[in-house]
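This report concerns only the one structure given below.
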Amino acid sequence: MHQFKELLIWKKSRLFCSKIYNVTSTFPSEEKFGIINQLRRASVSIPSNIAEGSSRNSNKDFARFLEIAIGSAYEVETQLLISSDLGFINEEKTIELTNMLEEITKMTSRFRATLL
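For reference, each letter of the sequence shown is one residue, going 212 to 327 in the numbering used here.
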């Protein structure tokens, strides 16, 4: 078992999640049950799956949860780009968030490879 609170990927994804909550608080209120909810849920899924996977007894199980976290990261990226297309996020913020997400995804993928 891994101590998830010590994992840099968990720390970075948790910070990223907070940034998503902050940026979506500026979205139009009619998106509360649309893209806001989707972005928040998918961003929460990243650190949550890292934490849940760390509790598993085998590296293979942990790797599966990291794969799910990576899938959630791609989901968030798509939703960020759609939010940008709709004018909910400016280009500078979109680039900042997608760069953070890319770093988290790469780190998670490299960590996952060490488990297999």
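All C-beta atoms in this analysis are idealised placements derived from N, C-alpha and C, irrespective of residue type, glycine included.
May I ask you to report which of helix, strand or coil DSSP gives I300? By one-based count along the sequence shown, residue 300 stands at place 89. Three-state result, I300: coil.
Among T237, N268, G245 and S256, nearest to R225 - alpha-carbon criterion: As a working note, residue 225 is residue 14 in the sequence shown. It is S256 whose Cα lies nearest to the Cα of R225.
When we look at the beta-carbon of G264 and count the other beta-carbons within 10 Å, is it buried (16 or more) or exposed? The residue labelled residue 264 in the question sits at position 53 within the sequence shown. With 16 or more other Cβ atoms within 10 Å, it is buried.
Throw me the rounded Cβ distance for the S295 and T305 pair, which I believe falls under 8 Å. Your numbering for residue 295 matches position 84 in the sequence shown. Your numbering for residue 305 matches position 94 in the sequence shown. Indeed, because the Cβ distance is near 4 Å, the residues count as touching under 8 Å.
Give the single residue among R252, F276 and E314 whose Cα lies nearest to the Cα of H215. Position 4 of the sequence shown, counted from the first residue, corresponds to residue 215. Here residue 215 is Phe; the residue named in the question, His, does not match the sequence. It is F276 whose Cα lies nearest to the Cα of F215.
Start and end residues, alpha helix (DSSP H) containing Q214: To locate residue 214, count along the sequence shown from 1; it is residue 3. That residue, Q214, is in no alpha helix (DSSP H); it is neither H nor E in DSSP.
Which stretch, first to last residue, makes up the alpha helix (DSSP H) that contains M252? In the sequence shown, counting from the first residue as 1, residue 252 sits at position 41. A quick correction: the sequence has Arg, not Met, at residue 252. Its alpha helix (DSSP H) spans residues I246 to S265.
Exposed or buried, S229, counting other C-beta atoms within 10 Å across all chains shown (16 or more means buried)? As a first step, residue 229 is located in the sequence shown; it is residue number 18 there, counting from the start. Burial call: exposed.
Environment of K243 [buried if 16+ CB atoms lie within 10 Å]: On the sequence shown, position 32 is the one that residue 243 refers to. Exposed, since its Cβ has fewer than 16 Cβ neighbours within 10 Å.
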